[in-house]
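There are 2 protein chains.
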Amino acid sequence: MNDTARTREVARAYVERSEQRDWAGLAQLLAEDMVYEMPQTGERIRSRERFLQFNREYPGDWHLSVGRIVADGANAAVWMQVSSGSELMDACAWLELSAQGLITRVTDFWPEAYEPPAGREHLVERFSRSAT
Amino acid sequence: MNDTARTREVARAYVERSEQRDWAGLAQLLAEDMVYEMPQTGERIRSRERFLQFNREYPGDWHLSVGRIVADGANAAVWMQVSSGSELMDACAWLELSAQGLITRVTDFWPEAYEPPAGREHLVERFSRSAT
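Protein chains in written order, with the working numbering: chain C, 1 to 132; chain B, 1001 to 1132.
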């Protein structure tokens, strides 16, 4: 298995083990000194231990599924569909892996729904979020 | 050049030609019946022609640069740094290419800055957006 195939597999397991609350399994994918960043809030979490705690403590009945995984050498991008109650949203996670195949960095984006600005109605049609 | 290498090159050109307002060059990368979607607003633009018009008409002195490109066969994910005036943000674009190497679909996410929710201060440090 080449680097890209391994990265693709790790990225999928990252989502699936998170969804399953398999914290021991998730820990196996993570480097001990990993860094997790959320640029939208400017928050950074250092270390596997704190990252796992962050996930365990994350409020709400959230569920993740893989929308798309794009893997390229030691990097992956993961498009996740996230639901929490009736709320449905997308997330974009960027993963970096070590030479040993452990996740060393996760950068997470949580793009929220918003009303489109005026002035481009002549070019667009609207679709329902649930159709994506 | 294999599919992944070609996809990576097309993704980079997509950002660079947009930044350069090289609309003729950008058009060469796009399938005529391409689809552009923004799930956050539920907006969809059909056809290369309307997509180019959308870009030409997009207000503001916006600038794009490549943060990261991850390419995998006919798919790519592009992390862009976007500035407009003093505003600085990230964008995540998901590209799909045809067998001929033309972009058939772009899904764009524009994650905006927000204040972090309370309750996780014991796990996080804060960093400045400009440091990413």
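All C-beta atoms, glycine included, are put in the ideal place defined by N, C-alpha and C.
The structure displayed is predicted, hence computed values, not measured ones.
{"Query": "8 Å Cβ cutoff met for C:Met80 and C:Ala99", "Result": "no"}
{"Query": "Separation of C:Gly85 from C:Gly60, as counted between CA atoms", "Result": "8 Å"}
{"Query": "B:Ile1103 at chain C interface by Cβ criterion, 8 Å", "Result": "no"}
{"Query": "Alpha carbon of C:Val74 to alpha carbon of B:Ser1047, nearest angstrom", "Result": "Contrary to the premise, residue 74 of chain C reads as Ala rather than Val in this sequence. Roughly 34 Å between the two C-alpha positions."}
{"Query": "Counted within 10 angstroms of its Cβ, other Cβ atoms place B:Arg1008 as buried (16 or more) or exposed", "Result": "buried"}
{"Query": "With 16 other Cβ atoms within 10 Å as the buried cut-off, status of B:Asp1072", "Result": "buried"}
{"Query": "Beta-carbon gap between C:Leu26 and C:Leu64 smaller than 8 Å", "Result": "no"}
{"Query": "CB contact below 8 Å: B:Val1070 versus chain C", "Result": "yes"}
{"Query": "Residues of its chain near B:Ala1131, where Cβ-Cβ distance is below 8 Å and the 5 sequence neighbours each way are ignored", "Result": "Note on B:Ala1131: pLDDT 40, under 50, position unreliable in the model; no value is reported."}
{"Query": "Check whether C:Glu37 and C:Thr107 have beta carbons under 8 Å apart", "Result": "yes"}
{"Query": "Closer than 8 Å to chain B by CB, C:Asn75", "Result": "yes"}
{"Query": "Test item: CB-CB of C:Ala76 and C:Ala24 under 8 Å", "Result": "no"}
{"Query": "Listed by chain order, chain C residues near B:Gln1020 by CB distance under 9 Å", "Result": "Those do not exist, as B:Gln1020 stays about 22 Å from chain C at its closest Cβ, beyond 9 Å."}
{"Query": "Distance between C:Gly101 and C:Met1 (C-alpha atoms, nearest Å)", "Result": "12 Å"}
{"Query": "Assigned exposure category for B:Glu1096 - 16 Cβ within 10 Å defines buried", "Result": "buried"}
{"Query": "Beta-carbon proximity of B:Leu942 to C:Arg50, cut-off 8 Å", "Result": "Residue 942 of chain B cannot be examined here, being either before or after the span of chain B that is shown, 1001 to 1132."}
{"Query": "Counted within 10 angstroms of its Cβ, other Cβ atoms place B:Ala1118 as buried (16 or more) or exposed", "Result": "exposed"}
{"Query": "Beta bridge counterpart(s) of B:Arg1105 as assigned by DSSP", "Result": "B:Val1035, B:Glu1096"}
{"Query": "For B:Gly1073, the three-state DSSP class (helix, strand or coil)", "Result": "coil"}
{"Query": "Continuous beta strand (DSSP E) stretch holding C:Glu19: start and end", "Result": "Looking at the DSSP string, C:Glu19 is not in any beta strand (DSSP E); the run it does join, the alpha helix (DSSP H), is 3-19."}
{"Query": "CA-to-CA distance, C:Arg6 to C:Tyr114, given in whole angstroms", "Result": "36 Å"}
{"Query": "Bridge-paired residues (DSSP) for B:Asp1090", "Result": "B:Gln1081"}
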